[in-house]
Each structure stands twice: as C-alpha cells, then as structure tokens.
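Worksheet for the structure shown next.
In structure tokens:
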C-alpha cells in the first residue's frame with residue numbers, strides 16, 4: 581500500500597493563556613511535524629479571548645477593513661485610519677503566535693497548514709456599522725470577501741518567510757456557517773427571522789476570490805465545513821483542492837461527492853476522531869476508514885495522498901491530554917490506512 585495518507589488537526593486547542601498556546605504548538609509539532617504521515621499546522625487557542633478566536637483572529641489579518649469588539653461580537657466600524665484597539669490586539673497576538681512558530685519550526689521541511697475563517701462565516705458573524713450581519717448587505721459581503729483575499733495573500737507570504745523550507749503550504753478556509761448561509765438558516769439580529777439565502781453562484785464567486793488568492797500565493801486551498809449538507813461540489817468548483825468533513829454528518833450525496841473528489845485527485849480530510857466523550861482505540865478508527873473506502877468502492881492504494889484523517893472538529897473543548905491523544909490517533913490511523 582502506498583505511503584501518503586496524512587493525519588492532521590482542524591485547528592483549535594484548549595487553554596486560556598500564552599503558555600497554553602506554546603504547549604499546543606509543541607504538541608502539534610511533536611505529533612505531526614516529524615512524521616511523514618503528519619500534517620502540522622498553526623494551532624489556535626480561542627480561550628485566550630475574542631482576538632484569539634476564529635473570527636477575531638481573521639479580522640486581525642484584514643487590514644482593508646476596520647473592526648471593533650462589541651458586547652454582541654465583532655462589528656465593522658465604517659471608518660478609515662488607524663485600526664481599532666481590539667483589531668490591533670488580535671493582529672499582535674497572531675504575530676506573537678507566528679513568532680513562536682518561527683522559533684520552534686523555522687527549519688521544518690514537510691507540509692504545513694494555516695487556518696483562516698472564510699468569507700461566508702465572517703459575513704454571518706460580523707455586524708455592519710449600523711447593525712445586523714454583513715450577510716444582509718450584498719455590497720458589504722463582496723467588500724469583505726475581496727479584503728479577505730488580500731489578507732490571505734499577505735498572511736501566506738508571512739508564513740512562507742517564517743517557514744522557508746516547508747515542502748507545501750495548505751490554506752484551510754473555515755466555513756462552518758456556509759451550509760446555513762446557502763439554506764437561509766442564519767438568524768437576523770432580532771432573532772425573529774432569517775437572512776435570505778445566498779445563491780450558489782454568488783457563494784462560489786466569493787470563495788473563488790479567496791481560494792484563488794491562496795493558490796496564487798503558492799498554497800494548496802482547502803475548505804473545512806463541519807456541518808451537515810457540505811456543498812463539496814460547489815467548493816471544488818470554486819477552487820478548493822481539498823475539503824474537510826465530519827464523517828458522521830455526511831449524507832448519501834456527501835459520500836458520493838467525496839468519492840468523486842478522491843477519484844479526481846483532490847483531497848478529502850475525513851473527520852473521524854471524536855472531539856467529545858471517550859476516545860476509541862486506533863483499530864476501531866482504522867476499520868471505520870477502511871469500511872468507508874470499501875463502501876465507496878475505493879482502493880486505499882489508489883486513494884493514496886488524496887485522503888487525510890482528522891478529528892471531527894476543533895479541540896478547544898477537550899483537555900490538553902485529550903487534544904494530544906486526538907492528534908496521535910489521527911496520525912496513527914493515517915499510518916495504518918497507508919499500510
């Protein structure tokens with residue numbers, strides 16, 4: 581059986597302080613960086629505050645738009661000039677995290693993954709200056725996606741500078757809200773209604789701007805969506821060369837779309853390691869992955885590097901020991917499936 585299946589993580593880790601981030605980074609590098617079946621990544625520790633969580637962390641990268649933190653969450657200010665203090669703090673915290681990465685892994689020669697929140701999840705969570713989500717404003721969500729594309733280019737250039745010998749950079753676009761955006765499932769500010777659905781062509785266009793920016797910067801673009809009804813075909817059509825899914829949430833159409841992606845040479849990252857409850861042993865998860873491949877009529881040898889294994893979602897609600905074990909399981913399962 582060919583070597584190539586990789587184990588990785590979605591991104592988030594438990595903790596509340598900088599020491600917890602440093603420990604998370606050490607765990608990621610220790611479990612994944614030195615193994616041919618591991619795909620290391622920049623960990624996220626959202627317990628440190630809003631600027632370290634997925635929305636704030638990404639807004640810290642977006643220099644084209646100013647945002648501040650309100651009791652209801654992040655909001656664009658509608659002003660220009662110096663970035664608000666909350667956004668500057670988020671930017672500074674990420675720079676500090678990348679400094680730690682450079683210090684510990686500047687000589688890393690394998691693949692490496694970074695995570696950024698996608699345009700539709702941002703549009704569903706960030707407010708306009710006068711209230712309600714950006715999702716309610718066609719022009720605002722377009723501006724956001726274009727600003728994010730620029731931010732992704734700059735971010736990847738920064739990571740490449742810090743990891744000059746990495747064999748591959750992967751950009752993971754986190755889109756947990758995408759299915760709800762497409763299905764008119766995002767609540768309005770009042771909570772009594774739902775935002776109108778975004779039609780697939782517009783959803784695809786915004787994703788394409790960001791994914792194309794990643795590819796132009798020399799990275800392989802993936803999209804992570806740990807929700808039901810993952811639109812795998814739409815994501816691949818927009819330029820995603822990999823899609824990260826939760827196996828428990830895939831319906832029949834999702835299984836077929838995942839098989840089609842693998843057969844076409846794209847990557848499917850199969851979320852099989854639980855993030856809640858007791859963790860199973862390696863053998864149980866290996867058998868589950870092999871049964872899934874068999875159900876789809878796919879030969880593990882032919883799938884090769886197109887398949888990766890991960891936890892079902894982030895690990896922020898886990899314990900430090902549980903998060904370490906989850907990554908170890910993902911790597912071990914990948915190694916076993918590879919033979």
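Residue numbers (the working numbering): 581 to 919. From the three backbone atoms N, C-alpha and C, an ideal C-beta is built for every residue, glycine too.
For a quick check, are the C-beta atoms of residue 590 and residue 890 less than 9 Å apart?
yes
Q. For residue 634, does the count of other Cβ atoms within 10 angstroms reach 16, so buried, or fall short, so exposed?
A. buried
Assuming residue 753 contacts residue 789 (C-beta within less than 8 Å), just tell me the rounded distance between them. Contact flag wrong, Cβ pair sits at about 11 Å.
(message) Is the beta carbon of residue 755 closer than 9 Å to that of residue 707?
(response) no
**Request:** My understanding is that residue 818 touches residue 791, with C-beta atoms under 8 Å, so please give their C-beta distance in whole angstroms.
**Result:** 6 Å
- Task: Just mark residue 692 as buried or exposed, buried being the case when its beta carbon has 16 or more other beta carbons within 10 Å.
- Result: buried
Let me confirm a value: residue 667 is counted as buried when at least 16 other C-beta atoms fall within 10 Å, else exposed. Which label applies?
buried
| said: Let me check one thing: in DSSP terms, what residues is residue 824 bridge-paired to? | reply: 804, 849
message: I need the DSSP call for residue 647, collapsed to helix, strand or coil.
response: Note: residue 647 maps to strand in three-state DSSP.
message = In the DSSP output, what is residue 655 paired with across the bridge?
response = In the DSSP output, where bridge partners are listed per residue, residue 655 has 648, 707.
**Q.** Three-pair Cβ contact test at 8 Å for the segment 607-627 versus the segment 890-908
**A.** yes
- request: Leaving aside the five residues before and after residue 624 along the sequence, list all residues of the same chain whose C-beta is less than 6 Å from its C-beta, in chain order.
  value: Excluding residues within five positions, the ones whose Cβ falls inside 6 Å are 591, 592.
Legend entry - Selection from 913, 838, 828 that minimises the alpha carbon distance to residue 820: Ranking 913, 838, 828 by Cα distance to residue 820 puts 838 first.
Problem - CB contact flag (residue 848, residue 824, <9 Å) - result: yes
message: Could you tell me which whole beta strand (DSSP E) segments of length 3 or greater appear in the segment 824-907?
response: 847-853, 887-891
If we ignore side chains and look at the alpha-carbon of each, how far apart do residue 639 and residue 877 end up? 42 Å
**Study point:** Counted within 10 angstroms of its Cβ, other Cβ atoms place residue 705 as buried (16 or more) or exposed
**Key:** Buried, because 16 or more other Cβ atoms sit within 10 Å of the Cβ of residue 705.
Give the secondary structure of residue 591 by DSSP, where H, G and I count as helix, E and B as strand, and everything else as coil.
coil
| request: Let me know if residue 915 comes out buried or exposed under the rule of 16 or more other beta-carbons within 10 Å of its beta-carbon. | output: Counting other Cβ atoms within 10 Å of its Cβ, residue 915 reaches 16 or more and is therefore classed as buried.
Taking only three categories from DSSP, how would you classify residue 755?
coil
### Task
Pull up the distance between the alpha-carbon of residue 645 and that of residue 774, whole angstroms please.
25 Å
Practice item. Count the C-beta pairs between the segment 805-818 and the segment 744-751 that are closer than 8 Å, then say yes if the count reaches three, no if not. Key: Too few Cβ pairs lie closer than 8 Å, so no.
For residue 832, count neighbouring Cβ atoms within 10 angstroms of its own Cβ and tell me buried if that reaches 16, exposed if not.
exposed
- Query: Is the beta carbon of residue 594 sitting closer than 9 Å to the one on residue 618?
  - Reply: no
_So if DSSP puts residue 624 in a beta bridge, which residue, or which two residues, is it bridged to?_
592
Between which two residues does the alpha helix (DSSP H) carrying residue 638 extend? 634-639
Q: Within its chain, find whatever has a CB closer than 7 Å to the CB of residue 726; leave out the 5 residues flanking it on each side and keep chain order.
A: Only 789 meet the Cβ criterion.
* Asked: Taking the beta strand (DSSP E) that residue 664 falls in, what are its first and last residues?
  -> Careful: residue 664 lies outside any beta strand (DSSP E) and carries neither H nor E.
Could you pull the DSSP bridge partners for residue 618 from this structure? 587
Output yes or no for whether 9 Å exceeds the beta carbon distance between residue 648 and residue 637. no
**Request:** Return the bridge partner residues of residue 750 from the DSSP annotation.
**Result:** 693, 800
Cut-off 8 Å between Cβ atoms - residues of its own chain near residue 897, not counting five sequence neighbours on either side = 594, 855, 856
Look up residue 767 in the DSSP assignment and give the residues it is bridged to.
774
Residue 729 versus residue 800: straight-line alpha-carbon distance, rounded:
14 Å
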